[in-house]
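Visitor: Residue numbers for the sequence shown, in our numbering: 39 to 328. Glycine included, every Cβ here is placed at the ideal spot set by N, Cα and C.
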Amino acid sequence: MNIVTVPRLIILGMIFLVLGSCNSIKSNTSNPSQIASQNDSQTQSAIKIAGSSSSVTIFKVLTEAYQAQDKTAKIDFVSLSQSEGAIAALKNGIVDIAGSSHKLKPEENNGKIQYRELAQDLLIVATHNSVQGVTNLTTAQLQSIYTGKIVNWQQLGGPNAKIVVLDRPEDESAKKLLRKYYLGKDETTTNAIVLNKEGELIDTLQNTPYSIGAFSLAYSLINQLPVHRLSLNGIAPNKENLTNGKYQMVRKLGIIWHKAPPPSTQKFIDFTFSSEGNKLLLDKGFIPSN
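1) Would A84 and K109 qualify as a contact pair, given that the criterion is a beta-carbon distance under 7 Å?
2) Starting from the C-beta of N271, find all residues in its chain whose C-beta is less than 7 Å away, skip the five residues before and the five after it, and write them out in chain order.
3) Return the CA-CA distance between T101 and L268, expressed in angstroms with no decimal places.
4) Would you check if the region 185-199 and the region 252-268 touch, i.e. whether three or more CB-CB distances between them fall below 8 Å?
5) Measuring alpha carbon to alpha carbon, tell me which of R154, E145 and P144 ends up nearest I293.
6) Where does D321 sit, in a helix, a strand or coil, going by DSSP?
7) Assuming contact is defined by CB atoms lying nearer than 7 Å, are A128 and M287 in contact in what I supplied?
8) Alpha carbon to alpha carbon, what distance is there between K187 and K223?
9) Using DSSP bridges, identify the partner residues of R29.
10) So, is S90 buried or exposed, given that buried needs 16 or more other C-beta atoms within 10 angstroms?
11) On the CB-based measure, 16 or more other CB atoms within 10 Å of its CB, does K218 come out buried or exposed?
12) If we count the other Cβ atoms within 10 Å of its Cβ and call it buried at 16 or more, is P301 buried or exposed?
13) Just reading off the alpha helix (DSSP H) that V99 is part of, what are its end residues?
14) To the nearest angstrom, how far is it from the Cα of L320 to the Cα of D159?
15) For G251, which residues does DSSP report across the bridge?
16) Less than 7 Å between the C-beta atoms of K322 and V94, yes or no?
17) Which value, in whole angstroms, describes the spacing of the CA atoms of E210 and V189?
18) How would you call I135, buried or exposed, if buried means at least 16 neighbouring beta carbons within 10 angstroms?
19) Give the straight-line distance between the Cα atoms of G339 and Q193, rounded to the nearest whole angstrom.
20) Please list the terminal residues of the continuous alpha helix (DSSP H) segment that includes A199.
21) When you compare only the Cα positions, how much space is there between Q244 and V172?
22) Can you tell me whether DSSP reads G137 as helix, strand or coil?
23) Is it the case that the Cβ atoms of E236 and F253 are separated by a distance below 7 Å?
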């Protein structure tokens, strides 16, 4: 009796094991598209973007909106202070996209990358909110502040306090535009505090009473900065005055990428120049170039 019963139990157990294995295989292969999707999600590489300090804001605006639309998109930022560094990173395969405040120079173009202007960004001259009574500066007054001839806000109708000049390096886009339209070639005061990145200047201005500096209007609007945006020669820094040509201190921001990019990068580029992308930039204070 025992000799007959034991083998039957073993055989039944083996049958159940086989059936269980079949069910397991069936459940794993019943939705191949889902498996493929999971594999794609796991192997999808991040889009790497290197932006100069002047282009970081516009790319953050675009990537936040893009990732809200595409939950699987992965985007990493490489922080660099100048456009030249971002372009070099692109050419060396470190990043997929570079942001720049100037067009590609002949010596920067290796024939494998392409440039397209993305948007215009007004540059404002602003002060810490402790500077009361000063809402407009003439070219002559701005020159006198940056050269150190005017050192106290009281000389301009403001408080009796020393002016703290926050400056950028001479090769940065903001300083170049300041010189082009207002400062000329006169040497900047040695008392100016030079900050390499625009973000550093903005943070310092907000935390330093009686300071003055130049930076992005769009950044100011997006982050609702509690600073005083100054008119220059009676012209306010706004989109209307840019459109009518009265306000000329504007920085052109561009995007550079490989001529044969991966599909994920091309998809982001397409979004950037879409009508949706244009509207987004316009709403945030930029002027889309197309």
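Guide: Answer, in terms of the structure:
1) no
2) T176 and T177
3) 30 Å
4) no
5) R154
6) helix
7) What sits at residue 128 in the sequence shown is Leu, not Ala. Contact: no.
8) 15 Å
9) Shown here, the chain extends from 39 to 328; a query on residue 29 therefore has no answer.
10) buried
11) exposed
12) exposed
13) V94 to Q107
14) 10 Å
15) A164
16) no
17) 24 Å
18) buried
19) No information on residue 339 is available, as it lies outside the stretch 39 to 328 that the chain covers here.
20) Taken as a continuous stretch (DSSP letters only), A199 belongs to no alpha helix (DSSP H), as it is neither H nor E.
21) 17 Å
22) strand
23) yes
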